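Right, one structure below, let's go through it.
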Amino acid sequence: MADAKIDRTLLEPRAPFNALTQLLLPEVALALLMALKLPFILKAAISCVILGNILHTVLTTTTGATPTDYSVGSSNLGNLFFNVLLFVWIVDPMTELRYVRDEDPSPLASRSLLARVYNASCIIRNYRLIGWNVQKSITHTNTSRAQFLRYQFRQFLWSFLLTDLAESYVHAYRARLDARGPPLPGGFLLHSWGLLACAVTICLSAKIFYEIASLLAVGLGFSQPQDWPDLFGSISDAYTLRRLWARTWHQMFGRHFSSWGKLVVRMLRIPRGTWLSSQTQVYTAFLVSALLHSFGDIMVDKREFGRSFPFFLSQAAAITFEDTVIALGKSYGIAGGKEGPPRAIKVLGYAWVLLWLQFSGPMYVDWLYEARIVGDPFLPFSPVRSLLVPSLERIIKP
C-alpha cells in the first residue's frame, strides 16, 4: 500500500481507454450471454473471457485524467466485473427477474432472443433495478411529467451550485487541505471542511449525472417519472451508520451487496434472521464494496491497489460496534416503538455518525486528495470563482 503521493512521472505507460470497445462491447457481450440458453459450464467459461478482458482494461488503459480513471475503474468497469459474476454465476435473470409493469406476462426465458437481449441490457443498466420484482423499497415520484421535469431541474441547479461552492473551497485551500502538509492554526477545522467538501463533491457529481439523465429520459419520453426516484435517501434517516449506508447513501451497487451477502450466509449455512447472519452480510457487503472500488485504485496506478480497503472495512467494524450498543440499549429498555427511537436518542445517533465519519473519512479522502482524484474541478465552469469571487474582491479591496 503506497504511503507517498503518486509521482505521475513514474507511472507506467498505458494505452488510451476506448469506451466503445472496452466498456460498451463487454456490456453487449454480457447481455447476449445472459440471454442465450446455454449450459451453465459453457456460460461460466465464456464469462471468464469477459472478466479477463475487464481486468486487462483496468490494468493497461487510461482515460488521460486521474479522476476519470478512478470513476471509470470503480463505477463502470468494477461494476461491470461484478455484474458478470452476479448475472452468470449467482442469478439467472431470465428466470428470476420480472419487470412488474411489463404488459407481456410471459417469463423472460420464453421470449425471443431479441427480447431477452433487450431485457438483459435493461437489467445491466438499471443499477437499482427500479420497476423489477427485486427492487428495494423506494419512495417513487407520483407526479406528472411536467412537475417532475420542473422538480429535477431545480434539483440540478441546487446540485450545480453546491458542487461549485465545494470545489471553490477546495480550489482556494488546496495546499492547506493536503493531509501531509505542515500543521497550521485551525488545521483540524480546515481538514474537517476538506472532508465535507470532498463528500459533497462525490455525492453531488453523481447526483448531477443522474439528474441530467432523468431530465433527458423523461423529457424525451423514454421513461416515466416513477422510474427515477431520488438517487439519495433522506439525511434524517442517517442516525445510525447502518441506516446511513442502507438508506441515505445511494444504492447503485446494492444488488451486488445483497446478493453476495445472501450467498455467503447460505454457503456457510448460517440461520437466517440471526445476529450472525446480519453481521456476515454487513462484512460481505463492505468487502465487495472495497473490491469494487479497488478497480478504480488499480486504474489510477497498480501500486495504489488496496487504498480504498481500510475505509470500507472499517465501516463494517463500526456497524458491529453500533449494533452491539443498540442491542445493549434495548436490553435496558432504551428503545423506541414503531415510530422509531426517541428524539434524544436520534440526536446522539447523529452525533455518533458525524464523529465516526470525521474519524474514518481521512482513510479514504486523504488518498483521493493525494492522487488528485478529487481537488481538480469537476464542473466545466465555475460561476462562484469566475463571477462571485472577483466581485467580492472588488468590494473588499479599497
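For reference, each letter of the sequence shown is one residue, going 1 to 398 in full-length UniProt numbering. The beta-carbon is built from N, C-alpha and C at its ideal position, and this holds for glycine as well. These figures come from a predicted structure and were not determined experimentally.
In chain order, what residues of the same chain lie with their CB nearer than 6 Å to the CB of residue i, ignoring the 5 residues before and after it?
i      : result
Pro185 : With a pLDDT of 45 at Pro185, under the threshold of 50, the modelled position of that residue is not reliable, and no figure is offered here.
Ala318 : Leu241 and Trp356
Gly349 : Tyr239 and Thr240
His250 : Leu231 and Phe232
Which word fits residue i, buried or exposed, when buried means at least 16 other C-beta atoms lie within 10 angstroms of its C-beta?
i      : result
Val100 : exposed
Phe40  : exposed
Tyr332 : exposed
Pro225 : buried
Leu204 : buried
Ile212 : exposed
Glu370 : buried
Leu88  : A small fix is needed here, since residue 88 is Val in this sequence, not Leu. That one is buried.
Ala19  : exposed
Pro342 : exposed
Leu216 : exposed
Ser106 : exposed
Pro67  : buried
Leu231 : buried
Asn142 : exposed
Gly340 : exposed
Ser386 : exposed
From residue i to residue j, what distance separates their C-alpha atoms?
i      : j      : result
Phe305 : Leu291 : 9 Å
Val170 : Pro377 : 9 Å
Gln281 : Asp237 : 21 Å
Ser234 : Thr60  : 40 Å
Met94  : Ser278 : 29 Å
Met267 : Phe253 : 22 Å
Ser294 : Ser308 : 6 Å
Arg116 : Ala109 : 7 Å
Leu25  : Ser47  : 13 Å
Trp146 : His256 : It should be pointed out that residue 146 corresponds to Ala in this sequence rather than to Trp. Cα-Cα distance, rounded: 34 Å.
Ser258 : Ile202 : 23 Å
Leu313 : Ser144 : 42 Å
Leu354 : Tyr239 : 9 Å
Leu368 : Phe311 : 12 Å
Gly78  : Phe222 : 27 Å
Thr21  : Phe153 : 33 Å
Asn53  : Val288 : 20 Å
Arg372 : Leu38  : 45 Å
Leu85  : Ala199 : 30 Å
Val28  : Val325 : 47 Å
Pro380 : Leu149 : 23 Å
Ala351 : Ser192 : 15 Å
Lys43  : Leu30  : 10 Å
Val72  : Ala344 : 42 Å
Gln315 : Thr274 : 20 Å
Val58  : Lys346 : 42 Å
Phe321 : Asn76  : 32 Å
Val218 : Leu80  : 25 Å
Val49  : Ser74  : 20 Å
Ser214 : Ile334 : 43 Å
By Cβ distance, which residues of its chain are closer than 7 Å to residue i, with the 5 residues on each side in sequence left out?
i      : result
Gln135 : Arg128 and Leu129
Val384 : Asp164, Leu165 and Ser168
Leu276 : Ile270
Asn133 : Leu97, Arg98 and Val100
Leu328 : none
Ala206 : Leu231 and His250
Ile90  : Ser259 and Leu263
Ala197 : Ala166, Tyr169 and Val170
What first and last residue would you give for the alpha helix (DSSP H) that runs through residue i?
i      : result
Ser71  : Thr66 to Ser71
Gln251 : Here Gln251 belongs to no alpha helix (DSSP H), and DSSP marks it neither H nor E.
Asp297 : Trp275 to Val300
Asn119 : Leu113 to Arg125
Tyr369 : Arg343 to Glu370
Glu339 : It is not in any alpha helix (DSSP H) - Glu339 carries neither H nor E in the DSSP assignment.
Ile326 : Phe309 to Ser331
Leu80  : Asn79 to Val84
Thr95  : Pro93 to Glu96
The ligand NAP and residue i: does any heavy atom of the ligand fall closer than 7 Å to the residue's C-beta?
i      : result
Ser234 : Ligands are entirely absent from the displayed structure, and the ligand NAP is therefore not among its contents.
Among the residues of its own chain, which have a CB less than 8 Å from the CB of residue i, if the five just before and after it don't count?
i      : result
Leu195 : Leu357, Gln358, Gly361, Pro362 and Val365
Thr62  : Arg14, Ala15, Pro16, Phe17, Asp69 and Met299
Pro183 : Note on Pro183: pLDDT 45, under 50, position unreliable in the model; no value is reported.
Leu113 : Ala35 and Leu36
Ile208 : Phe156, Ser159, Phe160 and Thr163
Asn126 : Trp132
Arg111 : Asp104 and Asn119
Thr248 : Phe232, Gly233, Ser234, Ile235, Asp237 and Ala238
Can you give, in chain order, each stretch of the alpha helix (DSSP H) that sits fully within the region 193 to 234 and has at least 4 residues? Runs of the alpha helix (DSSP H) lying entirely within the region 193 to 234 and spanning at least 4 residues: none are present.
Residue ranges of each beta strand (DSSP E) within the region 135 to 170, 3 or longer: Listed in chain order, there is nothing to give.
Which ranges would you report for the alpha helix (DSSP H) in the region 11 to 69 if only whole runs of at least 4 residues count? Counting only runs of 4 or more, we get 25 to 35 and 40 to 60.
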